[in-house]
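Down below is the structure, laid out as structure tokens.
Residue numbers (the working numbering): 398 to 784.
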């Protein structure tokens, strides 16, 4: 974690990125970050205007134990279930972060200042349970700037529509394919139409669509390396950017449509594309690749801390690097397909793996909290016996 002193260093690249219409959100949260004043400092000095979380982030934060001991002890003596304890711990952090970002939320008219929290990943293929969980999380956090993360699985799509229809803002996560992304946007518009029919104020409903980037390169690059020809190797590091740029093209198409025009007339907000998984996995690539080369107005880039620091230090922001690249993007993906690498198979695999990774992280978190609750309950009993 960067220190307060380091955070005050000049970060002109981040300012240029913001000026180009890219909202910078931090892809991390922990109680240590909250209590140290680090998040507030990043908001003040690093152009951070939002926070995203996921099961892996909470597993790392709560698994460290730092800052959670007192609340865990209180939960233990209350005898709460492990699932309830995890929800109390995570929603407490999200609530505090939402309060820190409240001024950003208000000055941006609700566009930014957002903090996202994900539904239990074990519910990713259960529409009804996802809807119930989203409603519960919104109630528990109880802040207008919370966003509920719902995965873009087949079961998640109708849940997105229903939750948006209730007036709850949504961050749609784990989007890898262009086809699924269009389905996500359709689900969002359907939700807005439902909200409008329910008499809700559409101007208060916001959404982002988290389009994952680096994992696409990781999977396709592996296959290109296995092919090993000069042609294959020349395509490494191109698929993820091509995929994201074509996603932005789809966004422009949907949000200039006649259907959208009717909703815009009712003061609805566009569902902004959010570039997720922007940490570079291959050390051969520049560490700001998925920042510098995905600059477009009306987008969000959620960065892990290492990527934020790299972008602040040596990001190369030269204006819009997306909208002029659609023909090349199509050519790059077509070249990958021509080598026998199936785009559909890759993105389907990545979706399944993404859900599985979050489920595994959630199970690890549950196990960690269960052990801590048992230990602290035993300590409480020993203390009572000593009296």
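Where is the CB? At the ideal position from N, CA and C, for every residue including glycine.
Can you grab the Cα-Cα spacing for the pair residue 756 / residue 616, in whole Å?
Within the chain shown, residue 756 is the residue found at index 359, counting from 1. Within the chain shown, residue 616 is the residue found at index 219, counting from 1. Cα-Cα distance, rounded: 20 Å.
Roughly how many angstroms lie between the CA atoms of residue 526 and residue 425, to the nearest whole one?
Looking up residue 526 in the chain shown gives position 129. Looking up residue 425 in the chain shown gives position 28. Cα atoms of residue 526 and residue 425: separation of roughly 26 Å, rounded to the nearest angstrom.
Could you round the C-beta distance between residue 672 and residue 696 to whole angstroms and report it? I think they count as a contact, below 8 Å.
One-based indexing of the chain shown puts residue 672 at position 275. One-based indexing of the chain shown puts residue 696 at position 299. With a Cβ gap of about 7 Å, residue 672 and residue 696 count as contacting.
Give the DSSP bridge partners of residue 747, in chain order.
Against the chain shown, residue 747 aligns to sequence position 350. Paired residue(s): none; residue 747 is not in a bridge.
Put residue 418 into one of helix, strand or coil per three-state DSSP.
Here residue 418 is taken as the residue at index 21 of the chain shown, counted from 1. Looking at residue 418 - three-state DSSP - the assignment turns out to be coil, as it is neither helix nor strand.
Could you please give me the residues that DSSP links to residue 423 through a beta bridge?
Within the chain shown, residue 423 is the residue found at index 26, counting from 1. Beta-bridge pairing by DSSP links residue 423 to 448, 700.
How is the alpha helix (DSSP H) around residue 493 delimited, first residue to last?
Translated into positions along the chain shown, residue 493 becomes position 96. Following the DSSP letters along the chain, one finds residue 493 inside the alpha helix (DSSP H) bounded by residues 479-497.
Mapping the DSSP letters down to three states, classify residue 403 as helix, strand or coil.
Working through the chain shown from its first residue, we reach residue 403 at position 6. Note on residue 403: pLDDT 46, under 50, position unreliable in the model; no value is reported.
Considering only their Cβ atoms, is the gap separating residue 545 from residue 501 smaller than 9 Å?
Mapped onto the chain shown, residue 501 falls at position 104. Mapped onto the chain shown, residue 545 falls at position 148. Not in contact: residue 501 and residue 545 (Cβ atoms no closer than 9 Å).
Beta-carbon within less than 6 Å of residue 403's beta-carbon, same chain only, minus the 5 sequence neighbours each way: which residues are those?
Residue 403 sits at position 6 when you count from the first residue of the chain shown. Any reading at residue 403 must be qualified, since the residue scores a pLDDT of 46, below 50, and its modelled position is unreliable; no value is offered.
Any heavy atom of the ligand FMN inside 8 Å of the beta-carbon of residue 605?
Summarising the ligand content, the structure contains no ligands, and the ligand FMN is consequently not present.
Check for me: the alpha helix (DSSP H) holding residue 571 runs from which residue to which?
Indexing the chain shown from 1 puts residue 571 at position 174. Following the DSSP letters along the chain, one finds residue 571 in no alpha helix (DSSP H) but inside the beta strand (DSSP E) bounded by residues 567-572.
Give every residue of the same chain whose Cβ lies closer than 7 Å to the Cβ of residue 773, excluding the five residues on either side of it in the sequence, and list them in chain order.
Here the question's residue 773 lines up with position 376 in the chain shown. Excluding positions up to five away in sequence, the list reads 469, 470, 473.
With three or more beta-carbon pairs closer than 8 Å as the criterion, would you say the segment 666-680 touches the segment 598-616?
Yes: at least three Cβ pairs fall under 8 Å.
Which residue wins for smallest C-alpha separation from residue 692, given the options 720, 679, 710, 709?
Here residue 692 refers to the residue found at position 295 when the chain shown is read from its first residue. The shortest C-alpha separation from residue 692 is found at 720.
Is the beta carbon of residue 533 closer than 9 Å to that of residue 762?
Along the chain shown, read from residue 1 onward, the residue named residue 762 stands at position 365. Along the chain shown, read from residue 1 onward, the residue named residue 533 stands at position 136. Result no, Cβ atoms of residue 762 and residue 533 do not sit closer than 9 Å.
What residues in its chain sit with their C-beta under 6 Å from that of residue 431, if we drop five residues either side in the sequence?
Your numbering for residue 431 matches position 34 in the chain shown. Only 493 meet the Cβ criterion.
From residue 462 to residue 476, what distance separates their C-alpha atoms?
Here residue 462 is taken as the residue at index 65 of the chain shown, counted from 1. Here residue 476 is taken as the residue at index 79 of the chain shown, counted from 1. Looking at the backbone, the Cα of residue 462 and that of residue 476 are separated by about 19 Å.
Rounded to the nearest angstrom, what separates residue 776 and residue 433 at their Cα positions?
Residue mapping note: residue 776 aligns to position 379 of the chain shown, counting from 1. Residue mapping note: residue 433 aligns to position 36 of the chain shown, counting from 1. Between residue 776 and residue 433, the alpha-carbon positions lie close to 28 Å from each other.
What's the C-alpha gap between residue 613 and residue 578?
Here residue 613 refers to the residue found at position 216 when the chain shown is read from its first residue. Here residue 578 refers to the residue found at position 181 when the chain shown is read from its first residue. Rounded to whole angstroms, residue 613 and residue 578 show a C-alpha spacing of 15 Å.
Going by other Cβ atoms of all chains shown within 10 Å of its Cβ, with 16 needed for buried, is residue 428 buried or exposed?
Start at 1 with the first residue of the chain shown, and residue 428 comes out as number 31. Taking every protein chain shown into account, the CB of residue 428 has 16 or more other CB atoms within 10 angstroms, so this residue is buried.
Measuring straight from C-alpha to C-alpha, what distance separates residue 732 and residue 600?
Counting from 1 along the chain shown, the entry for residue 732 is found at position 335. Counting from 1 along the chain shown, the entry for residue 600 is found at position 203. Here the alpha carbon of residue 732 sits roughly 42 Å from the alpha carbon of residue 600.
Helix, strand or coil, according to DSSP, for residue 604 in the structure here?
By one-based count along the chain shown, residue 604 stands at place 207. Residue 604 carries a strand assignment under DSSP once its states are collapsed to helix, strand and coil.
Span of the alpha helix (DSSP H) around residue 633
Counting from one through the chain shown, the residue named residue 633 turns up at place 236. Where residue 633 is concerned, there is no enclosing alpha helix (DSSP H), given that its DSSP letter is neither H nor E.
Whose C-alpha, out of 531, 699, 738, is nearest the C-alpha of residue 625?
Here residue 625 refers to the residue found at position 228 of the chain shown. The closest CA to that of residue 625, considering only 531, 699, 738, is found on 738.
Could you give the residue range of the beta strand (DSSP E) that holds residue 552?
Within the chain shown, residue 552 is the residue found at index 155, counting from 1. Neither: residue 552 is in no beta strand (DSSP E) and is coded neither H nor E.
Rounded to the nearest angstrom, what separates residue 513 and residue 422 at their Cα positions?
If you number the chain shown from 1, residue 513 lands on position 116. If you number the chain shown from 1, residue 422 lands on position 25. C-alpha of residue 513 to C-alpha of residue 422: approximately 10 Å in a straight line.
For the beta strand (DSSP E) that residue 673 lies in, which residues bound it at each end?
What you label residue 673 is simply residue 276 of the chain shown in a count that begins at 1. If you look at residue 673, you'll find it in the beta strand (DSSP E) that goes 668-673.
Enclosing alpha helix (DSSP H) for residue 514 [first to last residue]:
Within the chain shown, residue 514 is the residue found at index 117, counting from 1. Note, residue 514: premise wrong, no alpha helix (DSSP H); beta strand (DSSP E) at 511-515.
Going by alpha carbons, who is nearest to residue 760 out of 519, 408, 665, 549?
Reading the chain shown from its first residue, position 363 is the one you call residue 760. Comparing Cα positions, the closest option is 519.
CA-to-CA distance, residue 460 to residue 765, given in whole angstroms:
Taking the chain shown and counting its residues from 1, one reaches residue 765 at position 368. Taking the chain shown and counting its residues from 1, one reaches residue 460 at position 63. Each residue's alpha carbon lies about 6 Å from the other.
Within the same chain, show all residues whose beta-carbon is closer than 8 Å to that of residue 747, passing over the 5 residues directly before and after it, in chain order.
Within the chain shown, residue 747 is the residue found at index 350, counting from 1. Cβ within range, chain order: 573, 609, 612, 613, 616.
Taking the C-alpha atoms as reference points, what is the distance between residue 803 and residue 495?
The requested residue 803 is not part of the displayed model; the chain covers only 398 to 784.
Which of helix, strand or coil does DSSP assign to residue 597?
Residue 597 sits at position 200 when you count from the first residue of the chain shown. In this structure, residue 597 counts as coil in the three-state DSSP scheme.
Closest to residue 637 by CA distance: which of 623, 597, 682, 659 is it?
Stepping through the chain shown from its first residue, residue 637 is reached at position 240. Closest by alpha carbon: 682.
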